[in-house]
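Undergrad: As they're listed, the protein sequences go chains P and D.
Here the numbering used here is used: the first residue of the first sequence is 23, the next is one more, and so on.
Here the numbering used here is used: the first residue of the second sequence is 3, the next is one more, and so on.
We put the CB at the ideal spot given by N, CA and C, even for glycine.
Below you'll find the structure I mean.
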Amino acid sequence: MPAVSLIDASRIITESCVQSGAEVFVGYPITPTNLVYSYSFERFPVALPAPDEITTLQWMSGFSSVGKFPVTATSFPGYALMLESINMAFMMELPMLIILSQRLGPSTGSATTGAQGDLLLLRSSISGGFPIPVFCPSSFEDAWFLTHKAIETSFKLRCPVVLLTSKEMVMTNKSFDTGELVPLKKLYWTAPDEMEKYQSYYTNGKMVPDFIPLGNNQHQVRINASTHDYTGLIRKTTPAAMQNTKRLYEKVIQQAKDFTFYEFQDSDKHDILLVSYDITAEAVRESFNLLHAKQKNVSYLIVKTLIPVANEISEIVSSFQKVFIIEENLTGLLAELYFGNNIPKNIFRINKIGEMINPQEIVEEILN
Amino acid sequence: MLNTQSLPYCPGCGHRIANQNLDKAILQRQIKSLDIIVVSDIGCCGLIDGVVDCHTIHGLHGRSCALAIGVALGLNDETKHVIAIQGDGGATIGLQHLLEAARRNVNMTLIVLNNLVYGMTGGQISGLSAERFKAERVPEEKDVPFFDLVKLSYSAGAAFSARVVGKGKYEEVINEAIATKGFSMVEIVGLCTPYGLTKMKELGELGYEEIILKNERNCFESKRIEKVSLFEKVSKIESQFQIHLEKPYKIVLAGSAGEGIQSAADILAKTAMRCGLNATKKGEYPITVGTGFSIGEIIWSENPILYSGIEKPDLVIITSQDGYAMMKGRYPEIECIMIDSSISNELVSPKIITGDYRRLAGGKGATMCAIADWLRKEKIVPIDALIKCVSTLKYKEEIMKAITLV
Ligand code: SF4
Chain P
23 MPAVSLIDAS RIITESCVQS GAEVFVGYPI TPTNLVYSYS FERFPVALPA
73 PDEITTLQWM SGFSSVGKFP VTATSFPGYA LMLESINMAF MMELPMLIIL
123 SQRLGPSTGS ATTGAQGDLL LLRSSISGGF PIPVFCPSSF EDAWFLTHKA
173 IETSFKLRCP VVLLTSKEMV MTNKSFDTGE LVPLKKLYWT APDEMEKYQS
223 YYTNGKMVPD FIPLGNNQHQ VRINASTHDY TGLIRKTTPA AMQNTKRLYE
273 KVIQQAKDFT FYEFQDSDKH DILLVSYDIT AEAVRESFNL LHAKQKNVSY
323 LIVKTLIPVA NEISEIVSSF QKVFIIEENL TGLLAELYFG NNIPKNIFRI
373 NKIGEMINPQ EIVEEILN
Chain D
3 MLNTQSLPYC PGCGHRIANQ NLDKAILQRQ IKSLDIIVVS DIGCCGLIDG
53 VVDCHTIHGL HGRSCALAIG VALGLNDETK HVIAIQGDGG ATIGLQHLLE
103 AARRNVNMTL IVLNNLVYGM TGGQISGLSA ERFKAERVPE EKDVPFFDLV
153 KLSYSAGAAF SARVVGKGKY EEVINEAIAT KGFSMVEIVG LCTPYGLTKM
203 KELGELGYEE IILKNERNCF ESKRIEKVSL FEKVSKIESQ FQIHLEKPYK
253 IVLAGSAGEG IQSAADILAK TAMRCGLNAT KKGEYPITVG TGFSIGEIIW
303 SENPILYSGI EKPDLVIITS QDGYAMMKGR YPEIECIMID SSISNELVSP
353 KIITGDYRRL AGGKGATMCA IADWLRKEKI VPIDALIKCV STLKYKEEIM
403 KAITLV
């Protein structure tokens, strides 16, 4: 057996950020992301303690506008404060990574108790219903690979992205061989082809405009959080400005397939599908084994790109006769994301708050 | 810097004069357009974007100073001039950002255009509105003083803090602010003809003092420091002992915060790893890490551990009343309980072992003492694996003592 380390996913996520090319961490400490915060100060080339979460997002946006990829880590109370500034970064088309670690709410709730309660908040984070890509690791391997993919997507889409985790996901220690992790490619901005005139939001028929950093010596850059057209100047509702605003939606949706990740364990017979994400995926994988040991044929789907909801995910879910959506919250947020308030009769929810859903509970629900 | 003389403000607006003074100051300093980054705020002051030929970034209400801090630290380049512009409303909602820029002495300039009102929303008063101005409009507020931005900025550590009553020519003050290495803040009190003051002469009658305050300080830089991989900072554990576990073994340590429960859980996980097993370790504690309970959950397994929670522990070690209180009703079944003799136990288990762990090893050593007692009795893994694990620790003496007491 190779030499292994006792480590947590916070360490893996932080290392993955830096190896993927993130240069700056800005943060305000909050449970349960304290580990990411402290590791970031040990690892990032630049790490800054902001006095609050609004400041955090503003500083990050400043760094991002000059071409330095920023990362922060928070939980619901901090995310709530960041919200207006996340909208700003979305509108400005500034890439950045926000690691959101879920804990039990509402409000400050129980900071040291895990939960999966923030999904619909993320779905509605951007005013107007624009999707912000949300990635969600469910294992140490995911913590490594998906963090990289989140940053890659953020660069490609010029868009803030969220890495959604939860307390047990980022704080539990496991024996793990870090040598098994695939090497990552450092990501960075590539300068666009020489041009006579640069206009910050001119896309030249593409979905995402070229990026040139604010403060460069060649071209004037105009970045704007208000409604603007390709020039980067404030416009009200001119056709060009509306076209630019619609593009912010389309660039995410049209490319969703490229950054949709999931783990689908298909058992051929499309009877029963277990669906989950984040920490609850652990229990789903184990209950799958337990059910198969009892000759009960089930499949499972662990969703790793939660937002936007790609067609592939909907197709898998709709191909099963019975679907159990398993989440550590009271009402089933993933179920609501997929089906709204009108949950079809073949969709069942397994929910719990205050502690992790355990594999035995899932097995009992399936067998009953 | 200005690309037009046709500025988009109402006739008589103080912003127009401010833009012209800023333009003159930049011309005097002969700064190239692309060396200037204007960071603008929401409000009429944000209209500056469209009339300048430098870089512009237009953000949120009250946040231009914070955004400018990010830009300035990101550029970290003395040849670039980051100039944030906001109104008195923005300065009020974003006061924290001004203080932060000042205490760090970030290399940037903040210009606050104080026209005493929120112009865009219909002329409401702000935190910078003078008492005499408020007395006529909102008498209930007349005794509430305005924030003295200059004194706040200065006392927070800004290199340069100034106020001008913006009647006409004040480009020298802006020039000096821009030339300052570090944080410079200039508050310009001016007119807003539709909602605020309409006459120049009224500006001088409100008690705003023209003043310049300076601090001699170095500016804050965001230096880039390359650091080693986080994976190099964790110890790698070689498997040295061969053992066979029939099924996963699940252990819960229940004690008090500050009594080494999480360290003991760490040692137990690493002991298993020395025996070639997979291990997980989970901690649970209240928000106050120095008081109350502390629980460690450890799983050992030959196979990969998919789920790291524990519903039926094989062993629960309880070494304090805090830990005992948390165990009551927590598990329907426990294979074995080891409990300190100071605790009167009502928990049920086929096997209960009582020991004088606290008396022998004190609160801090009790859990490790109990773990050693259990390993010697049950021999699930060799005690030598535990000893080997402890021997690699930085502060091993106390723990080594605790595990040799029984
Ligand atoms: S409303 Fe007031 S601040 Fe705005 S442009 Fe007109 S005079 Fe200037």
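1. Is residue 293 (chain P) helix, strand or coil by DSSP?
2. Can the beta-carbon of residue 301 (chain D) be found less than 8 Å from the beta-carbon of residue 392 (chain D)?
3. Buried or exposed: which applies to residue 360 (chain D), given that a residue is buried once 16 or more other Cβ atoms fall within 10 Å of its Cβ?
4. Assuming contact is defined by CB atoms lying nearer than 8 Å, are residue 53 (chain D) and residue 111 (chain D) in contact in what I supplied?
5. For residue 196 (chain P), count neighbouring Cβ atoms within 10 angstroms of its own Cβ and tell me buried if that reaches 16, exposed if not.
6. Between P:264, P:245, P:189, which has its C-alpha nearest residue 255 (chain P)'s C-alpha?
7. Since residue 39 (chain P) and residue 173 (chain P) are thought to touch, with beta carbons under 8 Å apart, how far apart are those beta carbons, to the nearest angstrom?
8. For the beta strand (DSSP E) containing residue 285 (chain D), name the first residue and the last one.
9. Quick check: the Cα distance between residue 127 (chain D) and residue 65 (chain P), rounded to an integer number of angstroms?
10. Can you tell me whether residue 13 (chain D) is buried or exposed? The criterion is at least 16 other CB atoms within 10 Å of its CB, across all chains shown.
11. Under the three-state reduction of DSSP, which class applies to residue 186 (chain P): helix, strand or coil?
12. Which same chain residues end up closer than 6 Å to residue 110 (chain P) when comparing Cβ atoms and leaving out the 5 residues on each side of it in sequence?
13. Among residues of its own chain, excluding the 5 on either side of residue 152 (chain D), which ones have a beta-carbon nearer than 7 Å to its beta-carbon?
14. What residue ranges within the region 34-101 of chain P form continuous alpha helix (DSSP H) runs of no fewer than 4 residues, ordered along the chain?
15. Is residue 117 (chain D) near ligand 1, in the sense that its beta carbon is under 7 Å from a heavy atom of that ligand?
16. By DSSP, does residue 370 (chain D) sit in helix, in strand, or in coil?
17. Take the Cβ of residue 138 (chain D) as the centre, count every other Cβ of all protein chains shown within 10 Å, and call the residue buried at 16 or more, exposed below.
18. Are residue 32 (chain P) and residue 57 (chain P) closer than 8 Å when you measure CB to CB?
19. For residue 43 (chain P), would you say it is in contact with chain D, using Cβ-to-Cβ distances shorter than 8 Å as the test?
20. Could you tell me whether the Cβ atoms of residue 311 (chain D) and residue 255 (chain D) are closer together than 8 Å?
21. Suppose the cutoff is 6 Å on Cβ atoms and the five residues either side in sequence are ignored; what does the same chain contact list for residue 245 (chain D) look like?
22. Starting from residue 326 (chain D) and walking both ways along the alpha helix (DSSP H), at which residues does that stretch end?
23. What ranges does the beta strand (DSSP E) occupy inside the region 82-135 of chain D, keeping only unbroken runs of at least 3 residues that lie completely in it?
24. Could you list which residues in chain P have their beta carbon closer than 7 Å to that of residue 71 (chain D), in chain order?
25. Using a cut-off of 8 Å between C-beta atoms, extract the partners of residue 152 (chain D) located in chain P.
26. Counting pairs of beta carbons, one from the region 118-138 of chain P and one from the region 92-108 of chain P, are three or more of them closer than 8 Å?
27. Whether or not the region 117-131 of chain D and the region 91-99 of chain D are in contact is what I'm after, with contact meaning three or more pairs of Cβ atoms, one per stretch, closer than 8 Å; do they touch?
28. For the region 296-321 of chain P, list every residue whose C-beta sits within 8 Å of some C-beta in chain D, in sequence order.
29. Between the C-alpha atoms of residue 108 (chain P) and residue 36 (chain D), what's the straight-line distance to the nearest angstrom?
30. Are residue 328 (chain P) and residue 141 (chain P) close, meaning C-beta to C-beta below 8 Å?
31. Going along the chain, which residues of its own chain have a beta-carbon closer than 6 Å to the beta-carbon of residue 1 (chain D), five neighbours each way excluded?
32. Can you give the Cα-Cα distance for residue 85 (chain D) and residue 8 (chain D), rounded to whole angstroms?
33. Need the endpoints of the beta strand (DSSP E) that residue 30 (chain P) sits in, please.
34. When the distance is taken between beta carbons, is residue 345 (chain D) closer than 8 Å to residue 320 (chain D)?
35. Buried or exposed: where does residue 358 (chain P) fall if 16 or more other Cβ atoms within 10 Å of its Cβ makes it buried?
36. Using a Cβ cut-off of 8 Å (strictly closer), state whether residue 343 (chain P) contacts chain D.
TA: In short:
1. Reduced to three states, the DSSP call for residue 293 (chain P) is coil.
2. no
3. buried
4. no
5. Label assigned to residue 196 (chain P): buried.
6. P:245
7. Beta-carbon to beta-carbon, residue 39 (chain P) and residue 173 (chain P) are separated by about 7 Å, close enough to satisfy the 8 Å threshold.
8. 280-286
9. 46 Å
10. exposed
11. strand
12. 247
13. 163, 164, 165, 189, 213, 215
14. 56-65, 75-87
15. yes
16. The three-state reading of DSSP puts residue 370 (chain D) in helix, counting H, G and I together.
17. exposed
18. yes
19. no
20. no
21. 277, 383
22. 323-329
23. 83-89, 110-116
24. 81, 84
25. Result: empty, since nearest Cβ-Cβ is about 21 Å, beyond 8 Å.
26. Yes, the region 118-138 of chain P touches the region 92-108 of chain P.
27. yes
28. 304, 305, 307, 308, 311
29. 27 Å
30. yes
31. Any property of residue 1 (chain D) remains undetermined from this structure, which presents chain D solely from 3 to 408.
32. 21 Å
33. 27-30
34. At the C-beta level, residue 320 (chain D) and residue 345 (chain D) come within 8 Å of one another.
35. In the assembly as shown, residue 358 (chain P) is a buried residue. Its beta-carbon has 16 or more other beta-carbons within 10 Å.
36. no
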